[in-house]
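Visitor: For the sequence shown, counting from 1, position 77 maps to 77 in full-length UniProt numbering; every step adds exactly one.
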Amino acid sequence: MINASMIKEHQEVVGSDGAHVGRVDHVMGDQIELAKLDLGSGLKHHMIPVSWVSRVDEHVHLSLSKDEAKARWTEKH
1 MINASMIKEH QEVVGSDGAH VGRVDHVMGD QIELAKLDLG SGLKHHMIPV
51 SWVSRVDEHV HLSLSKDEAK ARWTEKH
């Protein structure tokens, strides 16, 4: 299991297919808020759970593909 403290602001988030999903704005508990000014996020804040993260190095790697993540993320209002 990934420790949320390993995830840092501005890290690139990539899907299991290596495709760009977004950039970390910040982590709130067990949720990652993606930066809205990143083109990958469609210029809106989106939330993804830390449980989707498979590993962290210079990138945050998800266990889902880009398309799966975008189909399941939630939009922050």
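Ideal Cβ positions, reconstructed from N, Cα and C, are used throughout, including at glycine.
1. Measuring only the C-alpha atoms, how far is residue 11 from residue 23?
2. Any idea what DSSP makes of residue 1, helix, strand or coil?
3. Under 8 Å Cβ to Cβ from residue 31, same chain only, skipping five residues before and after it: list those, please.
4. Do you know how far the Cα of residue 43 is from the Cα of residue 36?
5. Within the continuous alpha helix (DSSP H) that includes residue 67, where are the two ends?
6. Under 8 Å Cβ to Cβ from residue 7, same chain only, skipping five residues before and after it: list those, please.
7. Please determine, among 29, 16, 21 and 72, the residue with the shortest C-alpha to C-alpha distance to residue 3.
8. Can you find the residues in the same chain that come closer than 7 Å, C-beta to C-beta, to residue 17, ignoring five residues on each side of it along the sequence?
Guide: This is what the structure gives:
1. Each residue's alpha carbon lies about 6 Å from the other.
2. In the structure shown, residue 1 sits in coil (DSSP, three-state: anything other than H, G, I, E or B).
3. Answer for residue 31: 47, 48, 49 and 50, listed in chain order.
4. Taking the straight line joining both Cα atoms gives about 4 Å.
5. Run containing residue 67: 66 to 72, per the alpha helix (DSSP H) assignment.
6. Cβ within range, chain order: 24, 27, 32, 50, 53, 56 and 60.
7. The candidate whose alpha carbon is nearest that of residue 3 is 29.
8. Only 65 and 66 meet the Cβ criterion.
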